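Trainee: In the numbering used here, the protein residues as written are 229 to 444.
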Amino acid sequence: MPESTTTPSADRPIRLGYPSSPQTALDLLAAAGLGEDQAVLAPYDLTDPFSTLRSGEFDVLVVKFGPREEDLATSEVLDWESRALVVSASHPLADRESVSVEEVAAYDAFERPGAFPEYLWDEIVPRRTPQGREIHRRHRVNTIAEMMALVVSTDAVHLSVVSLADMAPPVVRVIPVPDLPPTPVCLAWYRGAELPPQVAKFIAAVEAASSAAREG
């Protein structure tokens, strides 16, 4: 993969990508003592999630589920996010306060979008439940909006994280799945390009704030 040709600049906003809801990115900016005007936030393409780092389109990404890409660096774990199930409001599980992952195996789930790393999708939507039941990953879409539209029109289910509730329309339910471990939340950046000073300071500040919160 060729290195980014973007020249680091200390006088422009941080270009910060996020996978779904922008709330985690906003929370990290606040933890670093930065305002929204000091960053440009945008969702990144889930069909090829790390291409924007490699091309220099983004400086840093909010990442979850622990990506292991040789050309990417990641911060320490900054937070943990609980797991959840996305279903239609008319789904048999929709009125539950929580759902076991064992129950998910009774319904069709989603395959990874595009070139999303397979090992990472196995963390998001496991091939099997802890008790060994196969999770049938039959549906394939490219965006969260497409996923929610298919959930609404079928009995399909999607295993994800609770922050998807920020994006869910009224006809969709996002239900906690307490028997799946929470996912780590980190920042990731491309090793092949020099970080602009404000980005390096942002990462260091967020890590310091996370450490202080754990110790406090």
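Yeah, the Cβ is synthetic: ideal placement off N, Cα and C, and Gly gets one too. Everything numeric in this text was worked out from a predicted model, so none of it was measured.
(1) Over what stretch of residues does the alpha helix (DSSP H) that includes A253 continue unbroken?
(2) Of the residues P397, V427, D407, which one's Cα is nearest the Cα of S316?
(3) According to DSSP, is F286 helix, strand or coil?
(4) Considering only residues of the same chain and omitting the five flanking positions on each side of V290, which have a CB-CB separation below 6 angstroms?
(5) What is the residue span of the alpha helix (DSSP H) that A373 lies within?
(6) Please classify W308 as buried or exposed, where buried requires at least 16 other C-beta atoms within 10 Å of its C-beta.
(7) So, helix, strand or coil for Y272, using DSSP?
(8) With a threshold of 8 angstroms, are at least 3 pairs of Cβ atoms found where one atom belongs to the segment 337-349 and the other to the segment 272-282?
(9) Let's test the definition: count the other Cβ atoms within 10 Å of the Cβ of P250 and tell me whether it reaches 16, buried, or not, exposed.
(10) On the criterion of 16 or more Cβ atoms from any shown chain inside 10 Å, does R311 qualify as buried, or is it exposed?
(11) According to DSSP, is T233 part of a helix, a strand, or is it coil?
(12) For a test of the three-state rule: what should DSSP assign to D239, helix, strand or coil?
(13) Provide the residue span of the alpha helix (DSSP H) that contains I352, from first to last.
(14) For F293, which residues in the same chain have their Cβ closer than 8 angstroms to its Cβ, ignoring the five residues on either side in sequence?
(15) Return the Cβ separation of V399 and V314 in integer angstroms, given the expectation that the two are a contact with Cβ distance under 8 angstroms.
(16) Can you give me the Cβ contacts of A393 inside the same chain, cut-off strictly under 6 angstroms, excluding the 5 residues immediately before and after it?
(17) Would you list the one or two residues that DSSP bridges to G294?
(18) Quick one, which of A428, P409, S391, A432 has its alpha-carbon nearest T357's?
(19) With respect to 7 angstroms, is the separation between the Cβ of P354 and the closest non-hydrogen atom of the ligand ZN below this value?
(20) So V288 packs on A416, CB below 8 angstroms; how close in whole Å?
(21) To the nearest angstrom, how far is the alpha carbon of D265 from that of L244?
(22) Confirm, please, whether the CB-CB distance from V427 to I242 is below 8 angstroms.
Mentor: In terms of the structure at hand:
(1) For this step, residue 253 is matched to residue 25 along the sequence shown. A253 -> alpha helix (DSSP H) spans 251-259.
(2) For the purposes of this step, residue 316 is taken as residue 88 along the sequence shown, with counting starting at 1. The option with the nearest alpha carbon to S316 is P397.
(3) Numbered from 1 along the sequence shown, position 58 holds the residue referred to as residue 286. Three-state result, F286: coil.
(4) Residue 290 sits at position 62 when you count from the first residue of the sequence shown. In its chain, beyond the 5 residues on either side, Y246, T252, A253 have a beta carbon closer than 6 angstroms to the beta carbon of V290.
(5) On the sequence shown, residue 373 is found 145 positions in, with the first residue counted as 1. First-last of the alpha helix (DSSP H) with A373: 372-381.
(6) Here residue 308 corresponds to residue number 80 of the sequence shown, with the count starting at 1. A residue is called buried once 16 or more other Cβ atoms fall within 10 Å of its Cβ, and W308, having fewer, is exposed.
(7) Stepping through the sequence shown from its first residue, residue 272 is reached at position 44. The three-state secondary structure of Y272, taken from DSSP, is coil.
(8) Touching, per the Cβ criterion.
(9) Along the sequence shown, read from residue 1 onward, the residue named residue 250 stands at position 22. Buried, by the Cβ-count rule.
(10) What you label residue 311 is simply residue 83 of the sequence shown in a count that begins at 1. Buried, because 16 or more other Cβ atoms sit within 10 Å of the Cβ of R311.
(11) The residue given as residue 233 occupies position 5 in the sequence shown. At T233 the pLDDT is 43, less than 50, meaning the model places this residue with poor confidence; the figure from the coordinates comes in the next sentence. Note: T233 maps to coil in three-state DSSP.
(12) Stepping through the sequence shown from its first residue, residue 239 is reached at position 11. When DSSP states are grouped into helix, strand and coil, D239 belongs to the coil group.
(13) The residue given as residue 352 occupies position 124 in the sequence shown. DSSP places I352 in the uninterrupted alpha helix (DSSP H) bounded by 346-352.
(14) Counted from its first residue, the sequence shown places residue 293 at position 65. These residues qualify, in order along the chain: L348, E351, I352, T411, P412.
(15) One-based indexing of the sequence shown puts residue 399 at position 171. One-based indexing of the sequence shown puts residue 314 at position 86. Between V399 and V314 the beta-carbon gap is near 11 angstroms, outside 8 angstroms, which marks them as no contact.
(16) Taking the sequence shown and counting its residues from 1, one reaches residue 393 at position 165. Exclusion of the five residues before and after A393 leaves V402 as the residues of its chain whose Cβ lies within less than 6 angstroms of its Cβ.
(17) Numbered from its first residue, the sequence shown carries residue 294 at position 66. Residue pairing by DSSP places G294 opposite no residue, since no beta bridge is assigned to it.
(18) Residue 357 sits at position 129 when you count from the first residue of the sequence shown. When each option's Cα is compared against that of T357, the closest is P409.
(19) Ligands in the displayed structure: none, and consequently the ligand ZN is not present.
(20) Residue numbering aside, residue 288 sits at position 60 when the sequence shown is read from its first letter. Residue numbering aside, residue 416 sits at position 188 when the sequence shown is read from its first letter. The beta carbons of V288 and A416 sit about 7 angstroms from each other, so the pair counts as a contact at 8 angstroms.
(21) Residue mapping note: residue 265 aligns to position 37 of the sequence shown, counting from 1. Residue mapping note: residue 244 aligns to position 16 of the sequence shown, counting from 1. Using only the alpha carbons, I get a separation of about 12 angstroms.
(22) Here the question's residue 242 lines up with position 14 in the sequence shown. Here the question's residue 427 lines up with position 199 in the sequence shown. Taking a C-beta distance under 8 angstroms as the contact criterion, I242 and V427 qualify as a contact pair.
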